[in-house]
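Below is one structure, written out as structure tokens, with a few remarks after it.
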Amino acid sequence: MRVLLTGGAGFIGGHIAGALAARRHEVVVFDALLESAHGVGAAGGRDGLILADVRDRAAVADALRGVDAVCHQAAMVGLGKDFADAPEYVGCNDLGTAVLLAEMAAAGVRNLVLAGSMVVYGEGRYDCPRHGCIRPGPRAVDDLAAGRFEPRCPDCGAELTPGLVGEDAPTDPRNVYAATKLAQEHLAAAWARATGGRAVALRYHNVYGPGMPRDTPYAGVASFFRSSLERGEAPQVFEDGDQRRDFVHVRDVAAANTVALEAVGGSGAGSFAAYNTGSGEPHTIGEMAAALASAHGGPAPEITGGYRLGDVRHVTADSRRLREELGWRPEVGFAEGMEEFAGAALRGAVATG
Ligand SMILES: NC(=O)c1ccc[n+]([C@@H]2O[C@H](COP(=O)([O-])OP(=O)(O)OC[C@H]3O[C@@H](n4cnc5c(N)ncnc54)[C@H](O)[C@@H]3O)[C@@H](O)[C@H]2O)c1
Ligand SMILES: [Zn+2]
């Protein structure tokens, strides 16, 4: 099949391109080489890349010719520098998705796999011993500053036990990026209903692996730690290091995209389905920092007690649906993946001013 891969020059997109080619699919790579992701001066173009913005209707229409399915990875990622970034996030992620979907509608391309994110859930799922399943609101600054990091039951103040979030959990985006990722899903669902298309959103957990961008305000936590180690510095771990996440290897995420692209054409016309995409093996941020530091042979992590407003305490995915319905199996375990990542090359993006 011929696949238009937006964001195909990015961290995850690059691995998807390889995985699709290995399955003998034809891949059309489309990417604007954003400065926030690739650094200044990267936009010189590369062989076989359509260097264009997904907001450019004519370029998208052109790229869609002869395409059977679209794999939409292009997005501005991370938390950004401050709220001033909001228009650019909304532009790339939501206007860009709207333009892509409008052109798919016009070209009769009906199959879409979208890069979603676990950030749409906000705080994960918790259980109170008295009140059952609880969804705590944002944590108060005073609590964070006093080192009270665990959210409590809003009704009785009891300590909560973190659990796994399923796809049917209510969404609760907590920052601009999260809001744009959720809007992408809503747009995809609306497009599917309006055109009889079929859309799958893969809600990735924390993706890591070779080719991950270096630490910029747009990068993920594994890349901050890895970049510190490269400079000979100890990874700086926020809060008390006990925040739970699910670190999923980029090759497993690429494989999830391949199975979704191969399956999406067989789903019902007008359908939209979301799948959590995590390893199924939750770990704390502190464990991740320690695994990287020990594999890299660098200084042990420092627990700083610092915090970022808008960070959630725990969120871990239940990825059973992706395993059961699409037959996906993550293959890279935590220890093995972190060992490889500790010595892997990062993408040499330079933060822009
Ligand atoms: N890395 C993670 O942990 C993670 C987690 C959840 C979801 N995601 C999603 O996965 C996708 C890929 O992210 P990534 O980590 O590979 O980031 P990345 O920055 O490496 O890749 C994104 C690519 O999209 C391109 N792009 C951005 N806006 C564009 C536009 N308007 N037109 C054309 N190209 C544009 C960028 O140049 C970049 O090459 C994104 O949709 C992101 O939201 C990533
Ligand atoms: Zn309670």
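The sequence shown begins at 1 in full-length UniProt numbering and counts up one residue at a time. For each residue, glycine too, the CB sits at the ideal point set by N, CA and C. None of the values given here were measured: they were computed from a predicted structure.
Is A351 helix, strand or coil by DSSP?
-> Unreliable positioning characterises A351 in this predicted model, as indicated by a pLDDT of 41, which lies under 50. A coordinate reading is not provided.
If you drop the 5 nearest sequence neighbours on each side, which residues of the same chain put their C-beta closer than 7 Å to that of residue 426?
-> Lying outside 1 to 353, the shown extent of the chain, residue 426 is not represented and no answer is given.
Smallest Cα separation from A234: which of G41, L49, R152, P301?
-> P301
Using 8 Å as the threshold, is the segment 253-273 in touch with the segment 183-201, meaning 3 or more CB pairs across them?
-> yes
Range of the contiguous alpha helix (DSSP H) that encloses L144 | 141-145
Contacting residues, own chain, Cβ-Cβ under 7 Å from L144 (five flanking each side not counted) | Y307
So what's F224 in DSSP terms, helix, strand or just coil?
-> helix
Cα separation between C71 and V141?
-> 39 Å
Indicate, with yes or no, if ligand 1 has a heavy atom lying under 8 Å from the CB of M104.
-> no
Specify the secondary structure class of D155 as computed by DSSP and reduced to three states.
-> coil
Between which two residues does the alpha helix (DSSP H) containing G337 stretch?
-> 334-343
Beta-carbon gap between A256 and L326 smaller than 9 Å | A256 is a Cβ neighbour of L326, given a cutoff of 9 Å.
On a CA-only basis, which of R2, G18, G8, A9 is nearest residue 363? Give me that one, please.
-> Nothing about residue 363 can be reported from this structure: the residues present for the chain run from 1 to 353 only.
Under the criterion of a Cβ to heavy atom distance below 8 Å, does G157 qualify as lining ligand 2?
-> yes
Identify whether F11 lies in helix, strand or coil by the three-state DSSP scheme.
-> helix
Could you give the DSSP three-state label for L51: helix, strand or coil?
-> strand
Three-state secondary structure assigned by DSSP to N93 | The DSSP-derived three-state label of N93 is helix.
Reference G310; option with closest CA among A290, D172, H131 = D172
List the DSSP bridge partners of A317.
-> Per DSSP, V165.
Any non-hydrogen atom of ligand 2 closer than 8 Å to H131 Cβ = yes
Let me know the secondary structure DSSP gives T258 once reduced to three states.
-> Reduced to three states, the DSSP call for T258 is helix.
Compute every distance between the C-beta of G13 and the non-hydrogen atoms of ligand 1, then say whether any falls below 8 Å.
-> yes
Which residues mark the beginning and the end of the beta strand (DSSP E) in which R203 is found?
-> Element bounds for R203: 198-204.
Does the separation of the CB atoms of L164 and A107 fall below 9 Å?
-> No, these two residues do not count as a Cβ contact at 9 Å.
Just the C-alpha distance for G147 and A84, rounded to the nearest angstrom, thanks.
-> 29 Å
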